[in-house]
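The listed protein sequences derive, respectively, from chains A and B.
In this text, residue positions in the first sequence follow the working numbering: the first is 107, and each later residue adds one.
In this text, residue positions in the second sequence follow the working numbering: the first is 66, and each later residue adds one.
Before any comments, here is the structure.
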Amino acid sequence: MKAWESWGRYPQVEQQAHTLVWRTDGLPSKDGSVLPHGLGRSYGDSCLNAGGTLLLTSGLDRFIAFDPATGVVRCEAGVSLDTILRLAAPRGWFLPVTPGTKFVTVGGAIANDVHGKNHHRGGTFGRFVRRFELLRSDGSRRVCAPDENPDWYGATIGGLGLTGLVTWAEVQLKPISNPYVLQETVPFGNLDGFLEVARASEKDYEFTMAWVDCLARGKKLGRGLLYRGNFAPPQFDGLPLAKSHLSHGVGLAVPMDMPAFCLNRLSVSAFNWLYYHRQNGKPKQRLTHYDPFFYPLDAIYAWNRIYGRRGFLQFQCVVPYSTARDALKEILERSSRGGLPSFLSVLKTFGDIPSPGWLSFPREGVTLAMDFANRGEKTWKLVEDLDRLTRQAGGAVYPAKDARMSPENFAAYFPQRERFMPYVDPSFSSSFWRRVNPVSLPFSLAAERGASAAPPPQSLLAIR
Amino acid sequence: MKKVLVLGATSAIAQATVRLLAARGASLYLTGRNAANLEAVTKDAATRGSAKVESQVVDLNDFNSHEGLVEAAYTALGGLDGVVLAHGVLGDQAEAQRSWEATEAVLRTNFLSAVSLLTVLANRFEAQKAGTLVVISSVAGDRGRQSNYVYGASKGALNVFLQGLRNRLAKSNVAVVTVKPGFVDTPMTAHLPKNKLFASPEKVARGLLSAADARKNEVYVPGIWAIIMLIIRTIPETVFKRMKL
């Protein structure tokens with residue numbers, strides 16, 4: 107048994123690990139439950155399995171085929187998006203959808219049905235997964251595709267790794283004419299400003315996302331910078347497509363856990379003020395390599411260590427357009443008032459393209475992601491409040507970034523939960539899954555609806 | 066190395082080496098015992114940019130197959146200028162102490178099969194007056210220790226054989242590179258508790274290839290093992306025999 111942590115460094119749990127080596131091998135026979143685990147970039151406990159076994163997919167990292175004519179890549183589930191880009195980008199292909207880190211595996215991208223800056227155009231990652239093989243604990247193997255075992259396909263995409271082990275997958279990439287992105291940064295003064303600029307940008311820009319100064323209050327509530335961009339046209343003026351430009355190494359590293367006092371309201375506030383004002387209030391255009399545009403944080407290796415030993419809690423919600431303005435205002439106000447600064451907050455609009463995954467998180471509306479240093483009960487109370495506001499607005503919270511949502515909230519956020527249940531492999535489980543589905547609690551959703559979420563029990567806080 | 070025969074291509078270090086060679090566009094002839102695993106490694110190499118990849122399922126403990134195997138590799142790639150010999154077993158020291166059969170199995174795979182293959186390959190390379198023979202040995206061959214001296218003996222014998230081969234082939238422009246990895250985090254060592262001395266197969270593969278490119282004689286990968294083994298070799302036997310290593 108060894109202590110494992112996820113990207114948010116909370117919780118830390120004891121569990122065993124088993125490294126998978128060959129895709130044709132069977133699953134190990136272990137006591138207790140198993141859970142596939144890729145690069146561990148989920149923030150909370152959806153990639154952890156306290157007391158059970160993690161199936162490490164790091165050994166399943168082989169390519170099976172890549173067709174440079176069609177952009178279809180087939181690979182084992184432990185291949186990272188970074189590895190795919192290294193293979194495909196120099197040959198004119200890019201990921202159809204990519205999250206803000208390239209250090210996630212294909213299996214993880216399927217299990218969390220990740221989204222990117224182009225959700226309004228492309229939808230989720232799952233839409234580009236043509237087929238995959240699902241290995242169940244009974245030894246059965248199924249090839250799943252929209253027209254082959256479609257139920258298993260729908261359950262597994264966004265299925266949090268619970269339906270079995272994805273051994274390999276086939277993904278449709280999209281063509282690019284060069285690795286550069288023409289990016290524009292547009293400041294907005296408040297939340298209304300964001301909604302206006304974001305909607306207006308969707309028409310002409312494939313990629314949009316906004317950084318928001320979550321400490322600004324009053325009239326400036328929700329101010330920030332919107333980044334929008336498109337891949338640059340072919341043969342962009344005088345641009346060398348040197349090989350050195352096609353890769354972008356890891357730059358810096360956070361060498362150690364930062365002490366807690368480095369991140370306080372004053373320092374975060376100063377950072378946000380400077381960040382917002384370096385823009386002079388004017389839109390700014392520049393040409394940038396895809397790496398810093400899509401993966402700014404990957405350049406700082408182990409950036410999660412800036413939150414220190416106690417880690418941090420991520421909170422990402424989506425709320426429908428009909429309630430977005432009021433709900434986000436309340437959420438931003440509540441977090442700004444809480445005195446617990448979120449170092450990095452991101453706003454983005456989701457389009458109406460449906461995902462094939464039943465339990466997929468993205469849905470039409472506005473999404474807001476924040477991270478809060480873990481300061482114990484105060485932080486938990488704040489995030490519970492944000493959960494409640496999200497639920498009241500008819501929205502959802504992202505399991506990949508959660509370490510504490512209640513079973514009632516999970517059921518409310520994911521109405522397809524009941525349909526999904528029968529597809530969960532009896533030998534597969536996760537800390538997240540047991541938390542949001544306590545067996546001893548046959549709850550009635552109707553009775554729970556509207557009830558305010560209870561603060562976390564002390565025992566939960568004591569896990570560390 | 067542009068046309069390379071990789072023996073034991075499904076081992077972790079060999080797989081990592083195959084990837085680096087594939088990315089350079091080398092032509093590869095791969096061998097392994099398990100057909101499905103070998104096919105996975107072959108397709109991976111082909112996808113990553115290998116100019117040509119062919120493979121053969123073979124148990125290298127069948128010494129009679131060696132001549133035909135080398136011939137097949139020459140035919141498939143239109144010649145050979147590099148060999149990476151990576152097959153081997155760790156064995157079980159306790160089992161080997163109880164049974165000669167277990168000891169013999171380790172010596173057959175790690176030493177005798179390597180000698181048989183290198184006999185065929187060395188003659189070919191000597192005749193063509195070119196080529197690089199890279200053999201994965203181990204730091205365990207530097208000094209016998211109670212915890213794994215059977216494995217260590219198989220690698221120690223291999224090291225001496227390679228020294229002689231290097232001496233013989235020096236005038237024929239053939240490089241013989243002995244690679245001595247320390248602890249490597251692979252399926253072979255999956256049962257061992259890990260510490261900071263364990264290196265990834267990727268790191269060992271990078272060290273292996275740069276040694277092959279530079280046509281070095283003996284290299285420790287990672288380099289820190291040169292110092293560790295210097296110390297281990299220097300301890301007087303009267304003291305060493307009482308140590309628990």
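Positions of the beta carbon are idealized from the N, C-alpha and C atoms, including for glycine.
Everything numeric in this text was worked out from a predicted model, so none of it was measured.
List the residues of chain D whose Cβ lies closer than 7 Å to the Cβ of residue i, in chain order.
i: A:Arg129; result: Any reference to chain D falls outside this structure, whose protein chains are A and B.
What separation, rounded to the nearest whole angstrom, lies between the Cα atoms of residue i and residue j?
i: A:Gly471; j: B:Ser203; result: 59 Å
i: A:Gly132; j: A:Leu161; result: 12 Å
i: A:Arg555; j: A:Gly295; result: Because the pLDDT at A:Arg555 is just 36, under 50, the model does not fix this residue reliably, and the point stays unresolved.
i: A:Pro69; j: B:Lys281; result: As displayed, chain A neither begins before 107 nor continues past 570, which places residue 69 of chain A out of reach and without an answer.
i: A:Ile170; j: B:Asp109; result: 6 Å
i: B:Ala116; j: B:Leu145; result: 14 Å
i: B:Arg298; j: B:Asp207; result: 7 Å
i: B:Arg84; j: B:Thr112; result: 10 Å
i: B:Asp124; j: B:Gly97; result: 7 Å
i: B:Leu227; j: B:Leu198; result: 10 Å
i: A:Gly146; j: B:Gly143; result: 45 Å
i: B:Gly221; j: B:Ala205; result: 7 Å
i: A:Asn155; j: A:Phe400; result: 30 Å
i: A:Pro460; j: A:Val452; result: 22 Å
i: A:Pro528; j: B:Val69; result: 50 Å
i: A:Ala180; j: A:Pro252; result: Before going on, a small fix: residue 180 of chain A reads as Arg here, not Ala. If you take the alpha carbons of A:Arg180 and A:Pro252, they lie about 16 Å apart.
i: A:Lys388; j: A:Ala475; result: 25 Å
i: A:Leu321; j: A:Tyr427; result: 23 Å
i: A:Gly444; j: A:Ser373; result: 16 Å
i: A:Ala306; j: A:Val425; result: 19 Å
i: A:Glu302; j: A:Lys435; result: 15 Å
Compute the beta-carbon to beta-carbon distance between residue i and residue j, rounded to the nearest angstrom, for a pair I have assumed lies under 8 Å.
i: A:Trp110; j: A:Tyr149; result: With 8 Å as the limit, A:Trp110 and A:Tyr149 do not qualify as a contact, their Cβ atoms being about 14 Å apart.
i: A:Gln289; j: A:Val178; result: The pair is not a contact, with the Cβ atoms about 28 Å apart (cut-off 8 Å).
i: B:Ser76; j: B:His152; result: 7 Å
i: A:Ala433; j: A:Leu495; result: 6 Å
i: A:Arg431; j: A:Thr273; result: The Cβ separation is near 45 Å, so there is no contact.
i: A:Val210; j: A:Val220; result: 7 Å
i: A:Phe300; j: A:Gly330; result: 7 Å
i: A:Trp379; j: A:Ile282; result: With 8 Å as the limit, A:Trp379 and A:Ile282 do not qualify as a contact, their Cβ atoms being about 36 Å apart.
i: A:Leu446; j: A:Arg481; result: 6 Å
i: B:Leu234; j: B:Phe190; result: 7 Å
i: A:Arg227; j: A:Gly457; result: 7 Å
Shorter than 8 Å from the beta carbon of residue i to some beta carbon of chain B?
i: A:Leu279; result: no
i: A:Val272; result: no
i: A:Leu193; result: yes
i: A:Ala499; result: no
i: A:Ile190; result: no
i: A:Phe169; result: yes
i: A:Thr125; result: yes
i: A:Phe209; result: no
i: A:Phe172; result: yes
Going by beta carbon distance, what residues of the same chain come within less than 7 Å of residue i, once the five residues before and after it are set aside?
i: B:Thr254; result: Phe248
i: B:Asn126; result: Arg173, Thr174, Ser178
i: B:Val171; result: Val154, Gly156, Ala161, Val215, Tyr216, Ser219
i: A:Val542; result: Met511, Pro513, Phe516
i: B:Trp290; result: Val204, Lys245, Gly247
I want to see whether chain A comes within less than 8 Å of residue i, judged by CB atoms only; does it?
i: B:Pro301; result: no
i: B:Arg189; result: no
i: B:Arg98; result: no
i: B:Asn102; result: yes
i: B:Arg113; result: yes
i: B:Lys117; result: no
i: B:Pro252; result: yes
i: B:Asp157; result: no
i: B:Asp109; result: yes
i: B:Ala91; result: no
i: B:Ala81; result: no
i: B:Ala141; result: no
i: B:Ala255; result: yes
Enumerate in chain order the residues of its own chain whose CB-to-CB distance from residue i is below 6 Å, with the five nearest sequence positions on each side excluded.
i: A:Tyr413; result: Ala479
i: A:Asn218; result: Ala506
i: A:Leu241; result: Arg247, Gly270, Leu271, Thr273
Report all residues from its chain with a CB closer than 8 Å to the CB of residue i; omit the five preceding and five following residues, and keep chain order.
i: A:Lys326; result: Gly295, Asn296, Asp319
What residue ranges within the region 273-336 of chain A form continuous beta strand (DSSP E) runs of no fewer than 3 residues, ordered along the chain? Runs found: 286-294, 313-318.
Which whole runs of the alpha helix (DSSP H) in the region 452-476 of chain A are 4 residues long or more, in chain order? Counting only runs of 4 or more, we get nothing.
Report the start-end ranges of each beta strand (DSSP E) in the region 171-245 of chain B that is 3 residues or longer and not cut off at the edges. For the region 171-245 of chain B, whole beta strand (DSSP E) runs of length 3 or above, ordered along the chain, are 196-201.
Which residue spans inside the region 183-241 of chain A form an unbroken beta strand (DSSP E) run of at least 3? Within the region 183-241 of chain A, complete beta strand (DSSP E) segments of at least 3 residues are found at 235-241, given in chain order.
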